[in-house]
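See below for the structure under consideration.
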Amino acid sequence: MIPAIRIERLQKRYGEKLVLDIPHLEICSGRVVGLLGENGAGKSTLIDLLGGVSEPSQGCVDTADARVGWCSQRLVIDWFVSGWMNVWLGACLAGLKGDRANLITDQAIAQVGLGDANLKATPEVLSGGQQQRLMIARTFAMQPDIYLLDEPTVGLDVQNLERFADHVRDVRQSGATVVISSHEFEAVEDLIDDVIFLADGVVKFFGSKPDFVERFVTKETIRVVLDRAVSPDDLGKVEGFSVEVQGCSIILDVPRGTDFKTVLGVLPSGVDVVEYSRQAVGLRQAVKWAAQH
Numbered sequence: 001m002i003p004a005i006r007i008e009r010l011q012k013r014y015g016e017k018l019v020l021d022i023p024h025l026e027i028c029s030g031r032v033v034g035l036l037g038e039n040g041a042g043k044s045t046l047i048d049l050l051g052g053v054s055e056p057s058q059g060c061v062d063t064a065d066a067r068v069g070w071c072s073q074r075l076v077i078d079w080f081v082s083g084w085m086n087v088w089l090g091a092c093l094a095g096l097k098g099d100r101a102n103l104i105t106d107q108a109i110a111q112v113g114l115g116d117a118n119l120k121a122t123p124e125v126l127s128g129g130q131q132q133r134l135m136i137a138r139t140f141a142m143q144p145d146i147y148l149l150d151e152p153t154v155g156l157d158v159q160n161l162e163r164f165a166d167h168v169r170d171v172r173q174s175g176a177t178v179v180i181s182s183h184e185f186e187a188v189e190d191l192i193d194d195v196i197f198l199a200d201g202v203v204k205f206f207g208s209k210p211d212f213v214e215r216f217v218t219k220e221t222i223r224v225v226l227d228r229a230v231s232p233d234d235l236g237k238v239e240g241f242s243v244e245v246q247g248c249s250i251i252l253d254v255p256r257g258t259d260f261k262t263v264l265g266v267l268p269s270g271v272d273v274v275e276y277s278r279q280a281v282g283l284r285q286a287v288k289w290a291a292q293h
């Protein structure tokens with residue numbers, strides 16, 4: 001695949017403090033990349049550097065003259081023009097004019113669920129969530145080759161989250177590259193192809209989402225419901241298991257891939273299993289373990 005973004009010897013300092021240090025990284029075209037990490041890991045700093053709104057202290061970011069759409073988690077809005085015109089400016093940045101610019105503006109507004117909002121007025125009449133969606137719509141109207149979205153799902157309800165996800169899938173299908181910084185893992189998990197995991201300004205992992213989960217998730221949670229309550233003293237012990245008893249329910253943290261037969265070895269004799277379930281293993285668990293290692 002052709003790299004859409006190439007990073008070389010990239011560093012960012014604030015005074016003497018080094019907050020980001022990435023020797024080399026290439027992000028391929030047509031991929032949705034999740035930029036993950038705990039607060040203060042450097043996610044927003046990297047998004048700003050990729051978007052060219054912050055100057056690196058050293059090194060460079062090469063986007064091969066692609067059109068880049070940047071959406072900050074901070075409110076970056078023109079408060080002196082209407083909400084509609086804020087989105088229209090995005091279409092104009094894409095080189096669109098006249099009826100075409102107007103059409104793309106209206107489409108972007110619909111894609112983020114702002115069709116019924118008062119966009120004839122200036123943006124201060126909008127709620128905080130609507131203002132966030134206004135910035136997303138402006139980025140959509142730019143029709144960029146590279147989307148840089150910093151915490152775009154914050155404040156989105158289920159319906160608008162689905163609209164957002166549908167558009168991201170569409171632009172990925174068209175060959176665009178999408179970088180999403182997020183701590184709302186469930187909201188973006190189904191969209192992400194690759195993961196960049198940052199910790200203390202350093203890339204600790206870059207690769208596919210399945211490889212990220214496989215590498216860092218070593219345990220999973222199993223819930224067993226019995227036909228009667230038991231005492232912790234009634235349970236057997238298995239190395240690598242941690243067990244919590246909640247009445248008739250037993251919650252077990254076990255090595256990933258543990259089979260049902262091994263779980264049964266923990267249970268006392270004379271009880272029947274009423275219900276058995278495994279908690280889905282995903283980004284939230286992987287990020288938690290990655291942050292600890």
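Everything in the sequence shown is counted per the UniProt record's numbering, starting at 1 for the first residue and increasing by one. Glycine included, C-beta positions come from ideal geometry on N, C-alpha and C. Because the structure is a prediction, the values reported are computed rather than measured.
Residue i burial status per 10 Å Cβ neighbour count (16 or more: buried)
i, result
"Asn256", "Going by the sequence as given, residue 256 is Arg instead of Asn. Its Cβ having fewer than 16 others within 10 Å, Arg256 is exposed."
"Trp79", "exposed"
"Leu264", "exposed"
"Gly34", "buried"
"Gln111", "buried"
"Glu130", "It is worth fixing the name first, because residue 130 is Gln in this sequence and not Glu. It is buried - the Cβ of Gln130 has at least 16 other Cβ atoms within 10 Å."
"residue 295", "Since the first residue of the chain shown is 1 and the last is 293, residue 295 is not available in this structure."
"Trp137", "Residue identity check: residue 137 is Ala in the sequence provided, not Trp. Classification for Ala137: buried."
"Gly95", "exposed"
"Asn39", "exposed"
"Lys209", "buried"
"Asp194", "buried"
"Ser181", "buried"
"Lys12", "buried"
"Pro232", "exposed"
As assigned by DSSP and simplified to three states, the class of residue i
i, result
"Arg256", "coil"
"Arg31", "coil"
"Glu186", "helix"
"Cys60", "strand"
"Ala110", "helix"
"Arg223", "strand"
"Ile5", "strand"
"Arg278", "strand"
"Ile23", "One point to set straight first is that residue 23 is Pro, not Ile, in the sequence displayed. Strand, per DSSP."
"residue 294", "What is shown of the chain runs 1 to 293, which leaves residue 294 out entirely."
"Glu162", "helix"
"Val125", "helix"
"Val273", "strand"
"His293", "coil"
"Asp233", "helix"
"Val87", "helix"
"Ser44", "helix"
"Lys120", "coil"
"Asp78", "coil"
Rounded Cβ spacing between residue i and residue j (contact assumed at less than 8 Å)
i, j, result
"Asp150", "Ile47", "5 Å"
"Val32", "Leu191", "5 Å"
"Phe206", "Ile196", "5 Å"
"Met20", "Gly42", "Note on residue identity: the sequence assigns Leu, not Met, to residue 20. With a Cβ gap of about 5 Å, Leu20 and Gly42 count as contacting."
"Thr63", "Ile146", "6 Å"
"Val271", "Arg228", "6 Å"
"Gly69", "Thr177", "In fact, because the Cβ distance is near 10 Å, the residues do not count as touching under 8 Å."
"Val179", "Ile22", "Contact doesn't hold; Cβ gap of about 13 Å is too wide."
"Arg133", "Gly113", "7 Å"
"Trp289", "Phe241", "Contact flag wrong, Cβ pair sits at about 17 Å."
Those residues which DSSP pairs with residue i across a bridge
i, result
"Gly69", "Tyr147"
"Asp194", "Val33, Ser208"
"Gln130", "Answer by DSSP bridge pairing: none, since Gln130 is not bridged."
"Lys17", "Tyr14"
"Thr177", "Ile146"
"Glu244", "Ile251"
"Ala199", "Val202"
Cβ-heavy atom distance, residue i to the ligand FMN, below 6 Å
i, result
"Phe80", "The model on display carries no ligand, and the ligand FMN is accordingly not part of it."
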